[in-house]
Every structure is written in structure tokens, then in C-alpha cells.
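> One structure, as C-alpha cells, below. Some questions next.
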Amino acid sequence: MANKTKDYLAKVRKKTGLSDYKIAQKYDINQSNLSKYKSGKTALSETHAWQFASILGVNPAIVVANTKLEHAKLTGNKLKAIFWQEQLENLSNGSEPIKIDIAQINPIVGDLKNNAQTIINLAYDADESGTHLLVFPELALIGYPAEDLLLREGFIDQIESTIEHMRTQLPEGISVLFGAPARIDHHLYNSAYLIRQGRVSTYHK
1 MANKTKDYLA KVRKKTGLSD YKIAQKYDIN QSNLSKYKSG KTALSETHAW QFASILGVNP
61 AIVVANTKLE HAKLTGNKLK AIFWQEQLEN LSNGSEPIKI DIAQINPIVG DLKNNAQTII
121 NLAYDADESG THLLVFPELA LIGYPAEDLL LREGFIDQIE STIEHMRTQL PEGISVLFGA
181 PARIDHHLYN SAYLIRQGRV STYHK
């Protein structure tokens, strides 16, 4: 697949007549991020995808879907790649465009049960309104800052059990993306979880 991020950046340069430095200044984009976009090593963030779409006067859903697909492929996330490929095909076939909603919540630190229920409740509301993807903030499941909670014995196990519960309770008509810690080989990761149709996909960083 051609590198869409580099392609969109080149189009923004041509459209605006600005250098990368001037683009970073005018549109408040971190110069480090812009360098990564230029190298093709990183896909556009969702915020910058919307921004570039606005500059170029194109359908933002297509730009977001292309860059999300690119990110999924760069990180080896097969489930996300399948999801975004399907959305691109729907868009190109003139099907209903993808609807993405951002959920702004204030999770209670350490209250996994209620935080999970909040996510589930909002997912049902979003599903009824026709949303395809509902995105929650970083560490939405456990609250922020977690601090010593992550060191508490059994806490990561509780997170895993809660995510399994969410997997069975979330509506299958919507994809839900949220953040939570994960432990792999004794290392803690700030991870993103995507639950779609009863399946869980993760991205660890």
C-alpha cells in the first residue's frame, strides 16, 4: 500500500505552498510528529487527519480511514486493519460513511466496575445513534493517574477480567476503542483495546 501519510503531507504542501516548518507553525503540529509523517514511519493522528482533510477540502472520513488503516498495518494490528479496510470499501462503494464519536468521560481512579459500565452504557447509546466506532481516552478503564494501583497485587488480573466482561456485554454493532494497562512478560504497557463483535484486539506501547 502506498504511504498515505506522506501523500497527504505532500498534497498539503502543494495546496498551501508552505514548507514543513511553516505547516507545523500555522497548524500547530509538533515538528517531531511532522518529521515522522514525512519519513512514512508514523501514520497521521486522527486530529491531524481531520486537519489535513479540511485543508485539502476532501471527505475527512476517507482520510481518517486511510491513515487508521496505515497505522494498523505499521503496527501489525490485523483486526484493526480488517476493520478500516472494510470502512474504505464501504466509502468507495458509496455505502454509508463511517461515523466516529469521541466519548469524553471522567473515570474514577481504580473503579474498574463502574468505569467499565460507563463505557458499556455509552456504547449502547452510540450504537443506537448509528456510530460505527466509539473512542474513549487513554486509561479510560482505570482512571488517571493510576500511580501505585499498577503495583497492587492482582490489579492487572482484575483489569483482564473486566475487559473479558466487557467483551461479552458490549453491543456487537459498534467498535469500541479504549485505554488500559497490560502486563506482558513482566513489563507494563499503556495499551489500546479494540472490542468489535465480541473480539478483542490490542496495541501495546
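If you're matching positions, the sequence shown starts at 1 in our numbering and goes up one per residue.
Using N, Cα and C, we set each Cβ at its ideal position, and we do this for glycine too.
#1: If we ignore side chains and look at the alpha-carbon of each, how far apart do residue 22 and residue 121 end up?
#2: Please give me, in chain order, every unbroken run of the beta strand (DSSP E) with length at least 3 that falls completely inside the region 137-197.
#3: Provide the residue span of the beta strand (DSSP E) that contains residue 201, from first to last.
#4: Kindly indicate which residue of 169, 41, 89 and 78 has the alpha-carbon position closest to the one of residue 117.
#5: Use the C-beta contact count for residue 162: other C-beta atoms within 10 angstroms, 16 or more gives buried, fewer gives exposed.
#6: Confirm, please, whether the CB-CB distance from residue 158 to residue 88 is below 8 Å.
#7: Would the region 73-83 count as touching the region 190-202 if we require 3 or more Cβ pairs under 8 Å?
#8: Can you list, in chain order, the residues of its chain whose CB lies under 7 Å from that of residue 197, leaving out five sequence neighbours each side?
#9: What residue does the beta strand (DSSP E) around residue 135 start on, and which one ends it?
#10: Restricting to Cα atoms, I'd like to know which of 134, 19 and 48 is closest to residue 33.
#11: With a 10 Å radius around its C-beta and 16 neighbouring C-beta atoms as the bar for buried, classify residue 102 as buried or exposed.
#12: Along the chain, where does the alpha helix (DSSP H) that runs through residue 82 open and close?
#13: Helix, strand or coil for residue 100, going by three-state DSSP, please let me know.
#14: Would you grab the beta carbon distance between residue 132 and residue 99 for me? Rounded to a whole angstrom, and I think it's under 8 Å.
#15: Check residue 28 in the structure and name its three-state DSSP category.
#16: By DSSP, does residue 20 sit in helix, in strand, or in coil?
Let's see:
#1: 43 Å
#2: 175-184 and 187-196
#3: Residues 199-204.
#4: Comparing Cα-Cα distances from residue 117 to each of 169, 41, 89 and 78, the minimum goes to 169.
#5: Under this definition residue 162 is a buried residue.
#6: no
#7: yes
#8: 172
#9: 133-135
#10: 48
#11: exposed
#12: 78-92
#13: Residue 100 falls in the strand class under three-state DSSP.
#14: Contact between residue 132 and residue 99 holds, since their C-beta atoms are separated by about 5 Å, short of 8 Å.
#15: coil
#16: helix
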